[in-house]
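Enquirer:
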Amino acid sequence: MEWLNQVVTGLMPIVPKYFVGRVASRYIAGNTLDDAIQVTREFNQANALTTIDLLGEHTETKEQAVEAARIYHQILDQIDSDKVDANISLKPTHLGLRVDYNLCENLVGEIVDHAAQLHNFLRIDMEDRETTDDTFKLYYKMRSRHDLSVGVVIQAYLRRTIKDVEHLIESKANLRLCKGIYREPREAAFKNRSIIINNYAFILNELLEGGCYVGIATHCEETIWQAQKIIHNLKLSSDKFEFQMLLGVEDDLRQILLNQGHRLRLYVPFGKEWYAYSTRRLKENPTVAGHIMRDFFGIKSIGK
Ligand SMILES: Cc1cc2nc3c(=O)[nH]c(=O)nc-3n(C[C@H](O)[C@H](O)[C@H](O)COP(=O)(O)OP(=O)(O)OC[C@H]3O[C@@H](n4cnc5c(N)ncnc54)[C@H](O)[C@@H]3O)c2cc1C
């Protein structure tokens, strides 16, 4: 029911901020770093790890990028001093990628240095396809500084990904594999759900067989089943991969994976930019809008 999801997306601007906040709150730890640390502590107690993300993207000025970097340094210090089990995720456009590539590289470079010094790890999120080349460039540059302290994300819906993974496998990259959330044109991205699921499994198999550490980021049970089949066939030990999920999504499935003894990491966003983040996400992906509006109206199903 794609059309219905499109309709609810169109309606989002007239939904009062208060309601969006109520619905979005389950996906976000809170406004402050303390909130993200508290959520991490709770998940750590339940044997799950987290990756902490400061909300924000498409920064327009150098000052905003520098401020985001300052907070990322604070996150690393607090993870270390509070002794919680978490790493960090950041979006290159939040750190100024669109303002000036060199600015972004310098800021992210200092964050990676800091992460390496604390034996922590930085995951570079992948955004829309306009930023893919620069994000890979940034990633390889960061690896030349601290090989083991940085990883990147790849998206199974992009047609180019199968080519991108050749070099990533050669260099034994640490990757998060997701389907991809941005609305891309058909020439760049597969649109068919079953092709995306199969491409995900195909790429995952290549990565694991090639010796990459993979964060298997999905809430889709079919994709998880495919992943478990690959892991079984390759006889992989549990230290070669982890499952990853977003905070507030598919709690039952998360618990099933934890009960099976898998390593699992929650993506925990925090910060004041929640409104922009939530509404942008809704506009970018009407399927997600469907999930949120379903929750909003308390109805069982509004299509996928
Ligand atoms: C840890 C993590 C990090 C990610 N990082 C990136 C990134 O860097 N770049 C990027 O492009 N994308 C990223 N994504 C998003 C990803 O690309 C997908 O858009 C998203 O995970 C939905 O795909 P899916 O595989 O979970 O399966 P789907 O088939 O889309 O969803 C499976 C089921 O999960 C549930 N579900 C999925 N999403 C939601 C939601 N938002 N709210 C409520 N229920 C939901 C529904 O029950 C649905 O039926 C990330 C996802 C995760 C889990």
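The sequence shown: position 303 = 333 (this note's numbering), numbered continuously. Glycine included, each C-beta is placed from N, C-alpha and C at the ideal position.
Could you check which residue in Phe166, Leu148 and Ile109 has the C-alpha nearest to that of Cys134?
Expert: Nearest option by C-alpha distance: Phe166.
Enquirer: For Cys208, list the residues DSSP reports as bridge partners.
Expert: For Cys208, which the question treats as bridged, DSSP gives the partners Gln185.
Enquirer: Excluding five sequence neighbours on each side, which residues of the same chain lie with their C-beta closer than 6 Å to the C-beta of Gln256?
Expert: Same-chain partners within the cutoff: Ala231.
Enquirer: For Thr191, I'd like the list of residues in its chain whose CB is within less than 8 Å of its CB, leaving aside the five on either flank, ordered along the chain.
Expert: Only Ile184, Gln185, Asn229 and Ile233 meet the Cβ criterion.
Enquirer: Please report the straight-line C-alpha distance between Gln290 and Thr91, rounded to a whole angstrom.
Expert: The straight-line gap from Cα to Cα measures roughly 46 Å.
Enquirer: Could you have a look at Leu148 and say whether DSSP puts it in helix, strand or coil?
Expert: Leu148 falls in the coil class under three-state DSSP.
Enquirer: For ligand 1, any of its heavy atoms closer than 7 Å to the Cβ of Val279?
Expert: Yes.
Enquirer: Between Lys302 and chain D, is any beta-carbon pair separated by less than 8 Å?
Expert: Here there is only one protein chain, and chain D is not present.
Enquirer: Taking the beta strand (DSSP E) that Phe300 falls in, what are its first and last residues?
Expert: Here the beta strand (DSSP E) through Phe300 covers Leu294 to Phe300.
Enquirer: For the beta strand (DSSP E) containing Ile118, list its first residue and its last residue.
Expert: Looking at the DSSP string, the run of the beta strand (DSSP E) that includes Ile118 is Ala116 to Leu120.
Enquirer: Does DSSP put Gly245 in a helix, in a strand, or in coil?
Expert: Gly245: strand per DSSP, three-state reduction.
Enquirer: According to the Cβ coordinates, are Asp143 and Lys121 closer than 8 Å?
Expert: Against a cut-off of 8 Å, the Cβ pair of Lys121 and Asp143 comes out as no contact.
Enquirer: Any idea which residues DSSP pairs Met275 with across the strands?
Expert: Answer is Leu296, bridged to Met275.
Enquirer: CB of Gly181 to nearest heavy atom of ligand 1: below 7 Å?
Expert: No, the beta carbon of Gly181 sits no closer than 7 Å to any heavy atom of ligand 1.
Enquirer: Spatial neighbours of Asp10 within its chain, please: C-beta separation below 6 Å, excluding the five flanking residues on both sides.
Expert: The structure shown does not extend to residue 10, since the chain spans only 31 to 334, so no value can be given for it.
Enquirer: Would you decide whether Pro342 is buried or exposed? Buried here means 16 or more other CB atoms lie within 10 Å of its CB.
Expert: Within the shown structure, residues of the chain are numbered from 31 to 334, placing residue 342 beyond reach of any answer.
Enquirer: Whose CA, out of Glu217, Asn204 and Val298, lies closest to the CA of His176?
Expert: Of the listed residues, the one whose Cα sits closest to His176 is Asn204.
Enquirer: Report yes if the C-beta distance between Ile118 and Leu152 is below 8 Å; otherwise report no.
Expert: Yes, the Cβ-Cβ distance between Ile118 and Leu152 is below 8 Å.
Enquirer: Consider the C-beta atom of Cys134 and the heavy atoms of ligand 1; say whether any pair is separated by less than 7 Å.
Expert: No, the Cβ of Cys134 stays beyond 7 Å of every heavy atom of ligand 1.
Enquirer: Kindly examine ligand 1 and report whether one of its heavy atoms sits closer than 7 Å to the Cβ of Tyr297.
Expert: Because some heavy atom of ligand 1 lies under 7 Å away, the Cβ of Tyr297 counts as near it: yes.
Enquirer: For a test of the three-state rule: what should DSSP assign to Ala76, helix, strand or coil?
Expert: If DSSP states are grouped into helix, strand and coil, Ala76 belongs with coil.
Enquirer: Exposed or buried, which one is Tyr305 when buried takes at least 16 other CB atoms within 10 Å?
Expert: It counts as exposed.
Enquirer: Check whether the segment 241 to 260 touches the segment 268 to 283, taking contact to mean three or more Cβ pairs, one atom from each stretch, closer than 8 Å.
Expert: The segment 241 to 260, when compared against the segment 268 to 283, does touch it at the 8 Å Cβ threshold.
Enquirer: When you measure from the CB of Met172 to every non-hydrogen atom of ligand 1, does any distance come out below 7 Å?
Expert: No, Cβ of Met172 sits at least 7 Å from all heavy atoms of ligand 1.
Enquirer: Buried or exposed: Ser331, going by 16 or more other Cβ atoms within 10 Å of its Cβ?
Expert: Unreliable placement is indicated for Ser331, whose pLDDT of 37 sits below 50; the coordinate value is still reported in the next sentence. With fewer than 16 Cβ atoms within 10 Å of its Cβ, Ser331 is classed as exposed.
Enquirer: Run through the DSSP bridge pairs and tell me what Leu84 is partnered with.
Expert: Looking at the DSSP assignment, Leu84 forms a beta bridge with Phe300.
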